[in-house]
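Residue numbers (our numbering), protein chains in the order written: chain Z, 60 to 534; chain V, 20 to 512.
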Amino acid sequence: MEFEPVIGLEIHAQLLTASKIFCGCSTGFGAPPNTHTCPVCLGMPGVLPVLNRKVVEFTIKMGLATNCRINRENGFARKNYFYPDLPKGYQISQYAYPLAEDGYVEVETEAGRRRIGIIRIHMEEDAGKLIHDEHFPASYVDLNRTGVPLMEIVSAPDIRTAEEAAAYLRRLHEILVYLEICDGNMEEGSFRCDANVSLRPRGQEEFGIRTELKNMNSFRNVQRALEYEIKRQQYVLEGGGEVIQETRLWDDAQGVTLPMRGKEEAHDYRYFPDPDLVTVAIDAEWVEEIRRNMPELPLEKRERFLRDYGIPAYDAGVLTMSRALADYYEEVVRLCGRPKIAANWVMGDLLRFLNEDRRDIKDCPIPAASLAEMIRLIEEGTISGKMAKEISEEMYRTGKGPKEIIEEQGLVQITDEAALIPVIEKVIAANPTQLAQYRGGKDKLFGYFVGQVMKATQGKANPQLINELLKKMLA
Amino acid sequence: MELYGLTVHELQDKLRAGEVTAADVLASVYRRIAAVEDKVHAYITLMKETAAAQAAAADEALRRGEVRELTGIPIALKDICCTRGMTTTCGSRILGNFVPPYDATVVEKLRAAGAVFTGKANMDEFAMGSSTETSWFGVTRNPWDLERIPGGSSGGSAAAVAADECIAALGSDTGGSIRQPAALCGVVGMKPTYGRVSRFGLVAFASSLDQIGPFTKDVEDCAILMNVIAGYDPRESTSVNIEVPDYRSFLDRGVAGLRIGIPKEYFIAGIDPEVRASVEAAIAVLEKGGARCVEISLPHTEYCLAVYYIVAPAEASSNLARYDGVKYGFRAAEARDLMDMYKQSRSTGFGAEVKRRIIIGTYVLSSGYYDAYYKKASQVRALIRRDFDAAFQQCDVIATPTSPTAAFRIGERTDDPLQMYLSDILTISANLAGIPGISVPCGFTRDGLPIGLQFLAGHFQEGLLIQAGAAYEKLAATRDLIARYRREKMPLS
Chain Z
60 MEFEPVIGLE
70 IHAQLLTASK
80 IFCGCSTGFG
90 APPNTHTCPV
100 CLGMPGVLPV
110 LNRKVVEFTI
120 KMGLATNCRI
130 NRENGFARKN
140 YFYPDLPKGY
150 QISQYAYPLA
160 EDGYVEVETE
170 AGRRRIGIIR
180 IHMEEDAGKL
190 IHDEHFPASY
200 VDLNRTGVPL
210 MEIVSAPDIR
220 TAEEAAAYLR
230 RLHEILVYLE
240 ICDGNMEEGS
250 FRCDANVSLR
260 PRGQEEFGIR
270 TELKNMNSFR
280 NVQRALEYEI
290 KRQQYVLEGG
300 GEVIQETRLW
310 DDAQGVTLPM
320 RGKEEAHDYR
330 YFPDPDLVTV
340 AIDAEWVEEI
350 RRNMPELPLE
360 KRERFLRDYG
370 IPAYDAGVLT
380 MSRALADYYE
390 EVVRLCGRPK
400 IAANWVMGDL
410 LRFLNEDRRD
420 IKDCPIPAAS
430 LAEMIRLIEE
440 GTISGKMAKE
450 ISEEMYRTGK
460 GPKEIIEEQG
470 LVQITDEAAL
480 IPVIEKVIAA
490 NPTQLAQYRG
500 GKDKLFGYFV
510 GQVMKATQGK
520 ANPQLINELL
530 KKMLA
Chain V
20 MELYGLTVHE
30 LQDKLRAGEV
40 TAADVLASVY
50 RRIAAVEDKV
60 HAYITLMKET
70 AAAQAAAADE
80 ALRRGEVREL
90 TGIPIALKDI
100 CCTRGMTTTC
110 GSRILGNFVP
120 PYDATVVEKL
130 RAAGAVFTGK
140 ANMDEFAMGS
150 STETSWFGVT
160 RNPWDLERIP
170 GGSSGGSAAA
180 VAADECIAAL
190 GSDTGGSIRQ
200 PAALCGVVGM
210 KPTYGRVSRF
220 GLVAFASSLD
230 QIGPFTKDVE
240 DCAILMNVIA
250 GYDPRESTSV
260 NIEVPDYRSF
270 LDRGVAGLRI
280 GIPKEYFIAG
290 IDPEVRASVE
300 AAIAVLEKGG
310 ARCVEISLPH
320 TEYCLAVYYI
330 VAPAEASSNL
340 ARYDGVKYGF
350 RAAEARDLMD
360 MYKQSRSTGF
370 GAEVKRRIII
380 GTYVLSSGYY
390 DAYYKKASQV
400 RALIRRDFDA
410 AFQQCDVIAT
420 PTSPTAAFRI
430 GERTDDPLQM
440 YLSDILTISA
450 NLAGIPGISV
460 PCGFTRDGLP
470 IGLQFLAGHF
480 QEGLLIQAGA
490 AYEKLAATRD
500 LIARYRREKM
510 PLS
């Protein structure tokens with residue numbers, strides 16, 4: 060029997076606000092334990108939450124970017140459970156009335172472009188973290204992360220392959236980062252993903268029994284875990300067995316999913332509206348203002364690059380990986396007017412320099428204007444492509460402009476016939492044997508003469524000019 | 020008369036005139052505490068040292084002529100109000116050692132107004148009770164009859180004011196916890212509109228019902244305290260940003276032309292005949308004073324108690340989840356593992372009534388029961404609110420008894436939770452509807468126990484309650500009546 064996987068993803072994105080969702084504490088990562096805390100996020104008696112407006116704004120942005128309906132009235136609920144990293148004994152989340160609902164994003168895989176539905180996007184607070192003592196039977200609680208704002212994005216069960224799941228994840232990731240509402244760091248946990256996956260016989264409407272996968276902290280792991288889990292479920296079903304509804308953890312080292320250890324208790328979270336928070340009423344004008352100020356999203360940008368710059372799809376994809384890179388590229392094009400050459404330089408040498416140093420484009424030492432100027436100098440024939448390679452390295456190293464470097468190193472290309480003719484004459488005179496052979500029909504030796512002229516000019520001669528002059532003078 | 024027997028406004032006059040010092044007033048109150056606290060047990064914690072410092076600062080301010088609303092006035096705080104650096108127990112073993120690093124907003128406001136804090140008043144554990152018998156720290160006794168309860172949950176605050184162990188006090192009211200003990204102790208108690216007084220720093224029982232309010236010896240003092248504690252607080256999302264009127268300006272408006280609604284559902288079997296007679300006599304006095312009585316109906320009254328005992332425990336079950344032995348408060352000493360620590364800490368840290376309500380609340384929120392209980396209760400609550408909206412089209416204030424009976428005996432209802440819950444049957448509706456209410460003394464039973472008259476008004480109409488209460492107090496000369504009973508009947512005098 061042929062099975063069809065049904066996959067839905069739940070994404071938790073930590074929002075890039077300066078302060079927590081219900082108090083004024085910092086959201087900064089890596090501070091000493093329990094230093095970013097106050098009575099409110101510590102859940103002390105009698106304290107009350109006050110909603111951070113930025114969290115609402117950021118979530119509206121994501122809702123708009125993923126074609127969701129923004130619910131004009133939405134509200135918070137309490138999710139009740141006991142755990143030492145949850146100081147109030149409940150998490151403030153949204154349940155019956157999320158901020159955004161019924162959206163979608165387009166994702167592209169080798170199978171083509173598909174629309175993946177988004178059921179809801181809601182706001183909630185993060186919990187703290189437990190630190191277990193390795194040498195002593197004790198655990199410690201760090202509540203710095205408690206109350207850090209999260210956005211939960213729940214997809215519809217529309218995803219059909221592991222590859223598509225990864226593509227969906229990348230799409231949401233790039234939107235979040237483009238909107239500058241999440242740093243997207245998967246290792247630090249600011250972008251987390253859980254997956255629900257089940258199989259059903261192809262053509263069947265009804266869903267099969269699903270498992271929930273956790274502990275996948277990279278795009279690649281999400282794809283690998285899903286690939287594994289799909290195969291595992293298929294094996295179980297084909298063997299006449301039944302999939303057990305459970306939570307499974309991805310084991311990266313072994314490349315398998317394993318049932319979460321310990322007895323799993325059926326949780327009843329006893330959600331109910333949080334009486335400490337009032338209905339969040341969203342002003343329509345505010346939503347419009349946010350919409351007006353939305354940046355261009357990656358997919359739109361990619362399409363515009365194809366259309367306006369005539370560059371290949373691959374280039375458009377690379378150049379729009381981040382908003383800053385796209386902005387940089389566009390600035391170079393604006394100043395030099397050569398989209399394809401600019402793309403080659405940005406994607407080639409520049410990204411190589413940056414990657415080697417693990418540096419962000421925002422910290423690139425070469426200003427877009429310098430790169431554009433260098434491209435213009437190549438186009439004008441002032442420098443050769445080979446010289447440009449050296450110059451760009453020097454620009455990256457020193458931050459200097461191309462003209463300054465050319466001047467310092469005397470790198471200007473010889474484009475003057477009058478200057479080049481005596482050099483060529485000397486080269487010809489010094490190589491009588493080769494001259495005779497060339498004139499005798501050994502055409503390949505033309506290259507030898509070009510090389511000799513280049514050598515004599517320390518590579519500064521314009522290659523095209525050398526060609527022209529040599530042809531005439533060797534004849 | 021001893022200074023401790025005076026009201027806030029009487030002491031204000033004497034302090035400002037320089038006749039007495041804040042230190043004199045505090046010394047007088049503490050002499051009184053020394054004399055009667057053994058019998059009454061109104062306090063969980065006395066704040067003698069900090070009070071002395073506050074009184075000294077008040078005297079310094081008075082010397083400089085920097086007089087504020089409550090400069091030098093000794094006030095007791097229900098031990099549910101967080102006080103920076105001072106134990107706040109909420110009447111529970113589980114918070115027996117809890118010292119908040121912050122003040123409740125009301126405490127900040129009282130401090131800023133120059134008040135002197137005498138101590139933290141006793142209360143039913145987590146404000147769950149109507150008799151102050153569920154406190155981990157022992158029972159408070161009614162100053163009018165030491166064999167009887169003072170009402171609850173703010174019984175310590177009410178008893179402290181009635182026994183002159185402070186000049187005024189703060190309490191909190193979730194289903195009648197200010198008004199009922201005020202009635203049973205013969206003092207004035209007001210529950211303001213939900214959102215009028217900040218809940219920040221008030222240890223939560225039922226967040227959508229809780230409200231802080233004053234206990235005072237007369238209505239004028241009630242207005243003075245309300246002027247200090249009312250107002251918007253940006254630290255509370257449910258706080259309402261509406262201008263606070265000068266409540267004193269309502270004191271002398273009288274009742275001529277005031278329409279007083281008499282809800283037939285509040286004068287029913289189960290109301291003690293003496294209480295009923297006293298309240299009816301009070302209404303007659305108001306009519307004589309020019310008020311017009313209108314019979315009104317609040318048709319959903321019979322559901323109030325049921326709705327309350329779903330909504331309040333539901334919220335409580337969640338609000339009290341934080342007391343888990345992990346971060347602060349009581350932790351069972353010898354737990355085997357995490358789950359055992361939770362179970363032992365909460366089993367021994369909470370008393371029976373609190374556990375009963377946590378269990379009820381957990382049950383009504385459970386999957387499969389939510390719609391039948393919590394959701395249905397929320398819907399009926401909306402109808403109860405609508406009843407009041409309709410009623411206040413016909414009248415300005417509503418008059419009812421505050422409590423169906425006068426103070427009952429200690430232990431009389433502790434084994435019968437339902438009987439205990441009925442103590443609040445006349446006060447709960449105001450919390451469900453979010454409207455303000457006041458209880459003012461209106462007489463005594465043949466046994467010399469105080470009886471309370473309750474006025475209710477529309478949202479943010481505390482001024483009308485002050486107006487009706489002050490007018491009644493004057494027309495019926497209740498201050499004189501109380502003074503006479505004090506001399507003749509109060510066992511402490």
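Beta carbons are placed, not taken as given, at the ideal position from N, Cα and C, and that holds for glycine.
None of these values were measured; they are calculated from a predicted model.
Quick one, are the C-beta atoms of residue i and residue j less than 8 Å apart?
{"i": "V391(Z)", "j": "A447(Z)", "result": "no"}
{"i": "A333(V)", "j": "Y393(V)", "result": "yes"}
{"i": "S191(V)", "j": "G170(V)", "result": "no"}
{"i": "T421(V)", "j": "L472(V)", "result": "yes"}
{"i": "T193(V)", "j": "F224(V)", "result": "yes"}
{"i": "D78(V)", "j": "C101(V)", "result": "no"}
{"i": "M182(Z)", "j": "T118(Z)", "result": "yes"}
{"i": "C109(V)", "j": "V222(V)", "result": "yes"}
{"i": "S366(V)", "j": "G344(V)", "result": "no"}
{"i": "M147(V)", "j": "E372(V)", "result": "yes"}
{"i": "I66(Z)", "j": "I218(Z)", "result": "yes"}
{"i": "V115(Z)", "j": "P108(Z)", "result": "no"}
{"i": "R283(Z)", "j": "G314(Z)", "result": "yes"}
Based on the DSSP secondary-structure assignment, which residues constitute the bridge partners of residue i?
{"i": "N111(Z)", "result": "Note: N111(Z) sits in no beta bridge, so no partner."}
{"i": "F62(Z)", "result": "P260(Z)"}
{"i": "C252(Z)", "result": "I70(Z)"}
{"i": "F479(V)", "result": "Answer is none; F479(V) lacks a bridge partner."}
Answer yes or no: does any C-beta atom of chain V fall closer than 8 Å to that of residue i?
{"i": "R137(Z)", "result": "yes"}
{"i": "D335(Z)", "result": "yes"}
{"i": "G538(Z)", "result": "Absent from the structure is residue 538(Z), since the part of chain Z shown begins at 60 and ends at 534."}
{"i": "K322(Z)", "result": "With a pLDDT of only 49 at K322(Z), under the threshold of 50, the placement of this residue in the model should not be trusted, and no figure is reported."}
{"i": "E147(Z)", "result": "The sequence given here has Lys at residue 147(Z), not Glu. Yes, K147(Z) lies at the interface with chain V (some Cβ there is under 8 Å from its Cβ)."}
{"i": "P92(Z)", "result": "no"}
{"i": "M103(Z)", "result": "yes"}
{"i": "P208(Z)", "result": "no"}
{"i": "V106(Z)", "result": "yes"}
{"i": "R204(Z)", "result": "no"}
Kindly indicate the opening and closing residues of the alpha helix (DSSP H) around residue i.
{"i": "P292(V)", "result": "292–307"}
{"i": "N338(V)", "result": "323–338"}
{"i": "K138(Z)", "result": "Element bounds for K138(Z): not the alpha helix (DSSP H) but the beta strand (DSSP E), 136–139."}
{"i": "W25(Z)", "result": "In this structure chain Z extends from 60 to 534, so residue 25(Z) is not present and cannot be described."}
Is the shortest distance between the beta-carbon of residue i and the beta-carbons of chain Z less than 8 Å?
{"i": "P332(V)", "result": "no"}
{"i": "K128(V)", "result": "no"}
{"i": "V345(V)", "result": "yes"}
{"i": "F117(V)", "result": "yes"}
{"i": "T381(V)", "result": "yes"}
{"i": "R341(V)", "result": "yes"}
{"i": "Y361(V)", "result": "yes"}
{"i": "Y23(V)", "result": "no"}
Where do the ends of the beta strand (DSSP E) carrying residue i lie?
{"i": "F463(V)", "result": "456–463"}
{"i": "T64(V)", "result": "62–65"}
{"i": "T441(Z)", "result": "Where T441(Z) is concerned, there is no enclosing beta strand (DSSP E), given that its DSSP letter is neither H nor E."}
{"i": "I99(V)", "result": "Unbroken run through I99(V): none, as it is neither H nor E."}
Short-range partners of chain Z found in the stretch 209–236 of chain V, where Cβ spacing is below 7 Å: Residues R218, F219, G220, L221, V222, A223, S226, S227.
Name, going along the chain, the residues of the stretch 242–255 of chain V whose beta-carbon falls closer than 8 Å to a beta-carbon of chain Z. Under the 8 Å Cβ criterion, the stretch 242–255 of chain V contributes P253, R254, E255.
Determine which residues of the stretch 123–151 of chain V have a Cβ less than 9 Å from any Cβ of chain Z, and write them out in chain order. Cβ contacts with chain Z come from A123.
Check distances from the C-beta atoms of the stretch 110–136 of chain Z to those of chain V and list, in chain order, the residues that come in under 8 Å. Cβ contacts with chain V come from L110.
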